[in-house]
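Participant:
2 protein chains.
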Amino acid sequence: MSPHPDRLLRLIHALRCLPGVGPRSAQRTAYHLLQHDRAGALVLAQTLTDALEGVQHCQQCNNFTENPLCELCASDQRDGRLLCVLETPADLLMMEQTRSYQGRYFVLMGRLSPLDGMGPQDIHLDKLVRRACDGMTQEVILATNFTAEGEATAHAITELLRPRGLILTRIARGLPVGGELEYVDSGTLAQALLERRPSA
Amino acid sequence: MSPHPDRLLRLIHALRCLPGVGPRSAQRTAYHLLQHDRAGALVLAQTLTDALEGVQHCQQCNNFTENPLCELCASDQRDGRLLCVLETPADLLMMEQTRSYQGRYFVLMGRLSPLDGMGPQDIHLDKLVRRACDGMTQEVILATNFTAEGEATAHAITELLRPRGLILTRIARGLPVGGELEYVDSGTLAQALLERRPSA
Chain A
35 MSPHPDRLLR LIHALRCLPG VGPRSAQRTA YHLLQHDRAG ALVLAQTLTD ALEGVQHCQQ
95 CNNFTENPLC ELCASDQRDG RLLCVLETPA DLLMMEQTRS YQGRYFVLMG RLSPLDGMGP
155 QDIHLDKLVR RACDGMTQEV ILATNFTAEG EATAHAITEL LRPRGLILTR IARGLPVGGE
215 LEYVDSGTLA QALLERRPSA
Chain B
35 MSPHPDRLLR LIHALRCLPG VGPRSAQRTA YHLLQHDRAG ALVLAQTLTD ALEGVQHCQQ
95 CNNFTENPLC ELCASDQRDG RLLCVLETPA DLLMMEQTRS YQGRYFVLMG RLSPLDGMGP
155 QDIHLDKLVR RACDGMTQEV ILATNFTAEG EATAHAITEL LRPRGLILTR IARGLPVGGE
215 LEYVDSGTLA QALLERRPSA
């Protein structure tokens with residue numbers, strides 16, 4: 035005799051597919067939804083089903099899209115000579131918000147991370163090579179994160195694309211805009227010194 | 035032109051109904067589900083719909099159930115003279131795991147918390163009064179948490195039930211089993227001293 039009805043047990047178990055949700059918080063979340071937010075939970079169930087049915091990967095840039103080509107790839111307003119490689123769709127949002135890039139994108143949907151079982155095929159490197167070698171692309175801008183995994187990913191892509199006659203660049207490291215030397219970490223400052231440029 | 039398709043935006047928005055999920059983690063969760071765990075997400079959507087349709091509150095104890103009466107209330111193996119009042123179904127699970135209580139339960143599904151807008155009607159105190167005054171119940175054991183809100187809740191219930199001729203008890207505070215004086219917090223130790231009992 036369990037004090038929890040079956041459907042509640044199944045919901046608690048299913049909630050564990052959410053990242054960072056363990057047994058306790060799955061239980062708390064289930065109580066919360068059933069007790070305090072049934073309307074929100076219903077919308078969640080519907081939008082989840084909807085997204086699973088309708089969201090796929092763009093054939094060209096690998097980003098999420100509802101159509102074979104995403105809006106950015108379908109647009110004729112972007113410069114096809116530049117291809118910016120990013121880890122996630124969130125990074126793409128940040129790039130677009132800068133309003134300072136008009137080229138194309140490729141979204142890896144991850145990063146090389148052997149410990150998490152993320153190898154070259156998991157971040158779609160073959161698809162990236164096909165995309166970069168379309169005859170139009172001249173420069174590939176590596177904009178993966180400056181973490182160990184992001185750096186390893188940038189390195190692997192460089193090795194892969196170097197023989198293809200493409201210009202390969204990496205976004206700059208350095209002090210943030212408005213940054214003060216006193217408050218920046220020493221690794222960033224050392225890198226900013228190493229990558230110093232002619233003063234304008 | 036948004037880099038996120040509509041269905042993805044709607045999913046990200048809907049995920050915010052989960053407790054503790056803000057805009058960033060909603061985005062990360064949506065990416066994770068669509069990229070790495072579509073099977074889990076599908077099960078989640080289904081179990082969520084299922085639970086919303088099938089899980090209700092027990093007419094007697096207010097706990098979650100799929101039937102008008104939950105299994106514990108429908109059982110004839112429990113002692114109807116004892117009624118244990120708890121804050122959440124998780125607390126009920128813990129009580130059952132002790133295997134040392136054979137009475138009935140009432141689950142408040144919350145605690146008095148004016149700051150969170152939780153008043154007497156939100157924790158079903160009228161339903162509790164009806165339950166406690168069924169003519170069978172002799173003792174009401176208050177097993178709300180020893181937090182400020184839990185204590186206030188226990189106090190309010192005591193005030194409410196005192197005129198009804200019921201025995202009202204509160205679970206004991208004190209050192210945990212295996213606890214050492216050196217490592218226990220001083221509030222608990224002070225309470226253990228205050229609530230000392232004849233040594234057996």
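Chains as they are written, first to last, in this note's numbering: chain A, 35 to 234; chain B, 35 to 234. Yeah, the Cβ is synthetic: ideal placement off N, Cα and C, and Gly gets one too.
1) Since Pro154 (chain A) meets chain B, which of its residues come closer than 7 angstroms, beta carbon to beta carbon?
2) Give a yes or no on whether 8 angstroms exceeds the smallest Cβ distance from Gln93 (chain B) to chain A.
3) Which word fits Glu87 (chain B), buried or exposed, when buried means at least 16 other C-beta atoms lie within 10 angstroms of its C-beta?
4) What does the alpha-carbon distance come out to for the pair Ile175 (chain A) and Glu185 (chain A)?
5) Please list, in chain order, the chain A residues whose beta carbon lies closer than 9 angstroms to that of Cys51 (chain B).
6) Can you give the Cα-Cα distance for Gly221 (chain A) and Asn96 (chain A), rounded to whole angstroms?
7) In terms of residue numbering, what span does the alpha helix (DSSP H) encompassing Asp40 (chain A) cover?
8) At least one CB of chain B closer than 8 angstroms to the CB of Pro210 (chain A): is that the case?
9) Do the CB positions of Glu193 (chain B) and Ser147 (chain B) come within less than 8 angstroms of each other?
10) From this set, A:Gln90, A:Leu116, A:His66, A:Leu117, which residue's C-alpha is nearest Cys104 (chain A)'s C-alpha?
11) Measuring CB atoms only, is the segment 158-177 of chain A touching the segment 197-206 of chain A, in the sense that at least three cross pairs come out at less than 8 angstroms?
12) Give the single residue among A:Phe98, A:Asn101, A:Arg50, A:Ala108 whose Cα lies nearest to the Cα of Thr81 (chain B).
13) For Phe98 (chain A), decide whether its Cβ has a neighbour in chain B, counting only Cβ atoms nearer than 8 angstroms.
14) Classify Thr99 (chain B): buried if its beta carbon has 16 or more other beta carbons within 10 angstroms, exposed otherwise.
15) Show which residues of chain A have a CB atom less than 9 angstroms away from the CB atom of Gln136 (chain B).
16) Rounded to whole angstroms, what's the CA-CA distance from Leu149 (chain B) to Gln111 (chain B)? Just pull it up for me.
17) When you compare the CB of Val119 (chain B) with every CB in chain A, is at least one pair closer than 8 angstroms?
18) Go to Gly74 (chain A), then tell me how far its alpha helix (DSSP H) extends in each direction, as first and last residue.
19) I need the DSSP call for His158 (chain A), collapsed to helix, strand or coil.
Facilitator: Taking the geometry as given:
1) The residue given as residue 154 (chain A) occupies position 120 in the first sequence. What Pro154 (chain A) touches in chain B: nothing, since even the nearest Cβ is about 16 angstroms away.
2) Taking the second sequence and counting its residues from 1, the one referred to as residue 93 (chain B) is at position 59. Gln93 (chain B) does not count as touching chain A.
3) Numbered from its first residue, the second sequence carries residue 87 (chain B) at position 53. Per the 10 Å Cβ criterion, exposed.
4) Along the first sequence, one-based indexing puts residue 175 (chain A) at 141. Along the first sequence, one-based indexing puts residue 185 (chain A) at 151. So the two alpha carbons sit approximately 13 angstroms from each other.
5) Mapped onto the second sequence, residue 51 (chain B) falls at position 17. Below the 9 angstroms Cβ cutoff, chain A contributes His66, Leu67, Asp71, Ala73, Gly74, Ala75, Val77, Leu78 as neighbours of Cys51 (chain B), in chain order.
6) As a working mapping, residue 221 (chain A) is identified with position 187 in the first sequence. As a working mapping, residue 96 (chain A) is identified with position 62 in the first sequence. For Gly221 (chain A) and Asn96 (chain A), the distance between alpha carbons rounds to 33 angstroms.
7) As a first step, residue 40 (chain A) is located in the first sequence; it is residue number 6 there, counting from the start. Looking at the DSSP string, the run of the alpha helix (DSSP H) that includes Asp40 (chain A) is 40-48.
8) For this step, residue 210 (chain A) is matched to residue 176 along the first sequence. False, the Cβ-Cβ gap to chain B never drops below 8 angstroms.
9) As a working mapping, residue 193 (chain B) is identified with position 159 in the second sequence. As a working mapping, residue 147 (chain B) is identified with position 113 in the second sequence. Note that the C-beta distance between Glu193 (chain B) and Ser147 (chain B) is not below 8 angstroms.
10) Taking the first residue of the first sequence as 1, we reach residue 104 (chain A) at position 70. Minimum Cα-Cα distance from Cys104 (chain A) among the listed residues A:Gln90, A:Leu116, A:His66, A:Leu117 corresponds to A:Gln90.
11) Pairwise C-beta distances place the segment 158-177 of chain A in contact with the segment 197-206 of chain A, as three or more of them are shorter than 8 angstroms.
12) By one-based count along the second sequence, residue 81 (chain B) stands at place 47. That would be A:Arg50, whose Cα lies nearest to the Cα of Thr81 (chain B).
13) The residue given as residue 98 (chain A) occupies position 64 in the first sequence. Yes, Phe98 (chain A) counts as interfacial toward chain B.
14) Position 65 of the second sequence, counted from the start, is the residue given in the question as residue 99 (chain B). Around the Cβ of Thr99 (chain B), a 10 Å sphere holds 16 or more other Cβ atoms; the residue is buried.
15) To locate residue 136 (chain B), count along the second sequence from 1; it is residue 102. Under the 9 angstroms cutoff, chain A gives no residues; its nearest Cβ is about 12 angstroms from Gln136 (chain B).
16) In the second sequence, residue 149 (chain B) corresponds to position 115, counting from 1. In the second sequence, residue 111 (chain B) corresponds to position 77, counting from 1. Their Cα atoms are separated by approximately 40 angstroms.
17) Counting from 1 along the second sequence, the entry for residue 119 (chain B) is found at position 85. Answer no: the Cβ-Cβ gap between Val119 (chain B) and chain A never drops below 8 angstroms.
18) For the purposes of this step, residue 74 (chain A) is taken as residue 40 along the first sequence, with counting starting at 1. Start and end: 72-88.
19) Counting from one through the first sequence, the residue named residue 158 (chain A) turns up at place 124. His158 (chain A): coil per DSSP, three-state reduction.
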